Ligand code: ADP
Ligand code: MG
């Protein structure tokens, strides 16, 4: 199978007034269509930097990123989802989720129909006219995802999207987001420092060393559950084995 995205020998340094910070060293991995790829590593190892490089906000100091995703002005290659939902309180939920198409001047009848479909499909239609503060944390993240999906990106870049939620909500929201992204047929890169979250959400996991981040290991996740979802994955007999392996990679040895 041909990858949709290839990172080849990526180096990246930040230049600041006080000098150069080497953030990434020789990072290579591929992402395939419909795949959920996890990136885990210690705080400050360069995870968010990788997403910024992929989306083109930053340019690699060395190496190349080959993007095979077909994108145009109406449907970008990448959509971002962050820890904070960044919903605007002065706009209704509907006005929030159509923000992307509105800014990109592509608010066609097809687009509004698509947004309406997403709101209905994912249980937010009754809250169209509500303000963000009237929704629970989980519903707000769902609204943030629908806002991202409204532009029909092909790959979602998820930067610790569940970190701000309490642990109970976090589980149900990750289940929610997982099902939506699978149903919409998207590829995703999930950045997290939570080992269990990575195993339960992802098909493959890239483990980074501490800064400057380099790839320590790429692990295939294969669980014997009939239909994998984040909640079901946690009951798979292999779950603990993967947890221990990743814990070892992150905490033992030379990092
Ligand atoms: P992570 O997401 O894994 O926590 P980041 O990608 O945010 O790590 O950052 C990687 C390293 O680069 C960190 O050591 C951080 O301090 C540094 N860094 C991040 N952004 C900047 C910046 N704008 N200027 C200088 N250094 C930065
Ligand atoms: Mg980060």
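Residue numbers (our numbering): 429 to 683. Note that beta-carbon positions come from the ideal geometry of N, C-alpha and C, so glycine has one too. Keep in mind the model is a prediction, meaning the values are calculated, not measured.
*CA-CA distance, residue 654 and residue 516?*
About 40 Å.
*Tell me where the beta strand (DSSP E) around residue 442 begins and ends.*
It spans 433-444 - the beta strand (DSSP E) in which residue 442 sits, taken as one unbroken run.
*Mind listing, in chain order, the residues whose beta carbon lies closer than 7 Å to a non-hydrogen atom of the ligand MG?*
Every residue passing the under-7 Å Cβ criterion appears here: 475, 476, 587, 588, 619.
_Alpha-carbon to alpha-carbon, residue 443 and residue 606_ = Their Cα atoms are separated by approximately 36 Å.
_Three CB pairs or more closer than 8 Å across the segment 671-681 and the segment 622-634_ = Taking 8 Å as the limit for Cβ pairs, the verdict is that the segment 622-634 does touch the segment 671-681.
*Provide the residue span of the alpha helix (DSSP H) that contains residue 492, from first to last.*
For residue 492, no alpha helix (DSSP H) encloses it; the enclosing beta strand (DSSP E) starts and ends at 490-495.
_Which complete beta strand (DSSP E) runs does the segment 563-647 hold, if anything under 3 residues is left out?_
Correct list: 583-587, 615-620, 632-636.
*Residue span of the beta strand (DSSP E) that contains residue 481, given as start and end*: Per DSSP, residue 481 is not a residue of any beta strand (DSSP E); the alpha helix (DSSP H) it occupies stretches across 475-483.
_Helix, strand or coil at residue 707 [DSSP, three-state]_ = No answer is possible for residue 707: the residues shown for the chain start at 429 and end at 683.
*From which residue to which residue does the beta strand (DSSP E) around residue 510 run?*
For residue 510, the enclosing beta strand (DSSP E) stretches over residues 506-510.
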